[in-house]
Amino acid sequence: MRKIRNNIFFIGSIDWDRRLFDELIPLPDGTSYNSYLIKGSQKTAIIDTVDPEFSEEFLDKLKDLEKLDYIISNHAEQDHSGSIPMLLKRFPDAKLVTNKQCKNMLIDLLDISGNRFVVVEDGQEISLGDKTLKFILTPWVHWPETMVAYLKEDSILFSCDFFGSHLAASDLFVKNKCEVYEAAKRYYAEIMMPFRKMIKKNMEKLKGLDIEIIAPSHGPLYDEPEFIMDAYKDWISDNVKNEVVIAYVSMHGSTKLMTDRLVDFLIEKDITVRKINIAHTDIGKLAINLVDAATIIIATPTVLVEPHPHAAYAAIIANILKPKAKFFTVIGSYGWAGTMVERIKKYVPNIKAEFLEPVLSRGKPGKKEYEMLENLAEKIKNRHEKVIKK
Ligand code: FEO
Numbered sequence: 232m233r234k235i236r237n238n239i240f241f242i243g244s245i246d247w248d249r250r251l252f253d254e255l256i257p258l259p260d261g262t263s264y265n266s267y268l269i270k271g272s273q274k275t276a277i278i279d280t281v282d283p284e285f286s287e288e289f290l291d292k293l294k295d296l297e298k299l300d301y302i303i304s305n306h307a308e309q310d311h312s313g314s315i316p317m318l319l320k321r322f323p324d325a326k327l328v329t330n331k332q333c334k335n336m337l338i339d340l341l342d343i344s345g346n347r348f349v350v351v352e353d354g355q356e357i358s359l360g361d362k363t364l365k366f367i368l369t370p371w372v373h374w375p376e377t378m379v380a381y382l383k384e385d386s387i388l389f390s391c392d393f394f395g396s397h398l399a400a401s402d403l404f405v406k407n408k409c410e411v412y413e414a415a416k417r418y419y420a421e422i423m424m425p426f427r428k429m430i431k432k433n434m435e436k437l438k439g440l441d442i443e444i445i446a447p448s449h450g451p452l453y454d455e456p457e458f459i460m461d462a463y464k465d466w467i468s469d470n471v472k473n474e475v476v477i478a479y480v481s482m483h484g485s486t487k488l489m490t491d492r493l494v495d496f497l498i499e500k501d502i503t504v505r506k507i508n509i510a511h512t513d514i515g516k517l518a519i520n521l522v523d524a525a526t527i528i529i530a531t532p533t534v535l536v537e538p539h540p541h542a543a544y545a546a547i548i549a550n551i552l553k554p555k556a557k558f559f560t561v562i563g564s565y566g567w568a569g570t571m572v573e574r575i576k577k578y579v580p581n582i583k584a585e586f587l588e589p590v591l592s593r594g595k596p597g598k599k600e601y602e603m604l605e606n607l608a609e610k611i612k613n614r615h616e617k618v619i620k621k
């Protein structure tokens, strides 16, 4: 149990070893499942719990706690809710406080009895005596039922996934801002980016709050909240940066020759290029680079009549994450059928970007294809100049 402020404690678990979330999202730096204990003058509450893998360690931290009145569930996903059933068993008089939608999901996911719940509405408060918790519904950070809890007297926002980072760290509060920025941006890209417009609305809802500490349920706490809030304002804005992401894969070298030449042309035009070999990178690397880029390019050879499966996967991931890029295109090579462009287009209906003329080469690229790539770079430069705010 680690003290945050008087009668407010961190009781979460650090997962140094986890490397994959949802069998999909890479966690190069592990993660943590943050849970918080608040002892008011009359009532005691716990905010969120930990992944079921850490239930035993979690309950052990509470072995001296005699009474628990409320378990607050901000989010039904099991990395936060998974230890609730054990906690309810350990404290049979405790009530489970959440919103209506989260209640239904907790019943579905964890088979919790309906009579253990206290349902709260948006803006409702509960008193712990000398401390008051206010609940604010913040849908889609990360599921539709998500909410945050604001501890009024201490100006602490318990934000669950919102503002979190997948980072196992021994420091309770952010110490190394660069490290946390990278982890939080990766987390935003993988978890939050598809809900960018909803996040904007939720940020508006938080505007009136005096926040001294943001206590998320993954990663270190923020004692300078503006650090992460300013970062979010940048990420969720409609502004794009003078950047091109090229997700590429090559089989016999033709697509690599094209990609390398295009990279050179873009660099000559002072455009930042993120060239990502999708055969070897983790998808988090792709995701994080999709946050700001004005242009996305898929570079792929043709496998029979399809894009290379790695390229198809990258396109599907980009489509799921709904980046704010303004321009999109495809470059690559083929042996006998130049059909992969149309196939890729079908994978990306969510990317509302202008589709620029693709560049394809039958076999090894030559002078003609390199000229087309140079023209593409020039076109990208001109388009960027029109949309990028200085
Ligand atoms: Fe950390 Fe959406 O759970």
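Under the working numbering, the first residue of the sequence shown carries the number 232, and numbering increases by one thereafter.
We put the CB at the ideal spot given by N, CA and C, even for glycine.
Bear in mind the structure is a predicted one, so any value in this text is a computation, not a measurement.
query, result
"Contact test: D246 Cβ vs ligand 1 heavy atom, cutoff 8 Å", "no"
"Identity of the residues DSSP links to T262 by a beta bridge", "D246"
"Alpha-carbon to alpha-carbon, R249 and P451", "16 Å"
"Contact set for I315: own chain, Cβ-Cβ below 8 Å, skip 5 residues either direction", "T280, I302, S304, L327, L337, L341, I343"
"Neighbourhood of ligand 1 [Cβ distance below 5 Å to any heavy atom], ordered by chain position", "E308, D310, H373, D392"
"Limits of the beta strand (DSSP E) - the one that P532 falls within", "524 to 534"
"Beta-carbon proximity of T486 to P540, cut-off 9 Å", "no"
"Member of K432, L268, S448 whose CA lies at the smallest distance from the CA of L364", "L268"
"Classification of A276 by the beta-carbon crowding that lies within 10 angstroms, buried from 16 upward", "buried"
"Beta bridge counterpart(s) of S272 as assigned by DSSP", "DSSP, once it has assigned bridges, lists no residue as partnering S272."
"Same chain, Cβ closer than 7 Å to A307, neighbours up to 5 away in sequence not counted", "C333, M336, L337, L340, W374, E376"
"Entirely enclosed alpha helix (DSSP H) segments - the region 300 to 382, minimum 4 residues", "309 to 312, 315 to 321, 331 to 341"
"Whole-angstrom distance between N520 and I467, CA atom to CA atom", "14 Å"
"For L319, the nearest candidate out of L296, R347, K331 (CA to CA)", "R347"
"Residue from D402, K383, K431, A542 with nearest C-alpha to D441", "K383"
"Neighbour flag for K516 against chain D, beta carbons, 9 Å", "The structure shown contains no chain D; it holds only a single protein chain."
"From L296, T329, F458, I498, residue whose alpha carbon lies closest to that of E443", "F458"
"Any alpha helix (DSSP H) of 4 or more consecutive residues that is wholly inside the region 402 to 468", "408 to 418, 427 to 437, 456 to 467"
"Alpha-carbon spacing of L552 relative to G563, whole angstroms", "23 Å"
"Of the listed residues D469, N470, M489, K472, nearest to A478 (C-alpha basis)", "M489"
"Cβ neighbours of A510 in the same chain (closer than 6 Å, five flanking residues each side left out)", "V480, H541"
"Three-way DSSP call (helix, strand, coil) for F496 in this model", "helix"
"Through-space distance from R574 to I422, alpha-carbon basis", "26 Å"
"Short Cβ contact (9 Å threshold) for H615 with T526", "yes"
"Inter-residue spacing [alpha-carbon to alpha-carbon] between L497 and L607", "9 Å"
"Residue span of the beta strand (DSSP E) that contains G563, given as start and end", "558 to 565"
"Residue burial classification, L255 (beta-carbon count within 10 angstroms, cutoff 16)", "exposed"
"Residues bridged to N508 (per DSSP)", "Y479"
"For I277: DSSP bridge partner residues", "L268, I302"
"Expected contact under 8 Å - CB spacing of I582 and I548 to nearest Å", "At roughly 11 Å, the Cβ-Cβ gap does not stay under 8 Å, so I582 and I548 are not in contact."
"Collapsed DSSP secondary structure at V579 in the structure displayed", "coil"
"Helix, strand or coil at I600 [DSSP, three-state]", "In the sequence as displayed, the identity of residue 600 is Glu instead of Ile. Three-state result, E600: helix."
"Check whether F558 and L587 have beta carbons under 9 Å apart", "yes"
"Integer Cβ distance of V572 from K416, believed to fall under 8 Å", "About 31 Å separates the two Cβ atoms, so there is no contact after all."
"Coarse secondary structure for K621, derived from DSSP in three states", "coil"
"Sequence-distant residues of the same chain with beta carbon closer than 6 Å to I357, five excluded per side", "L364"
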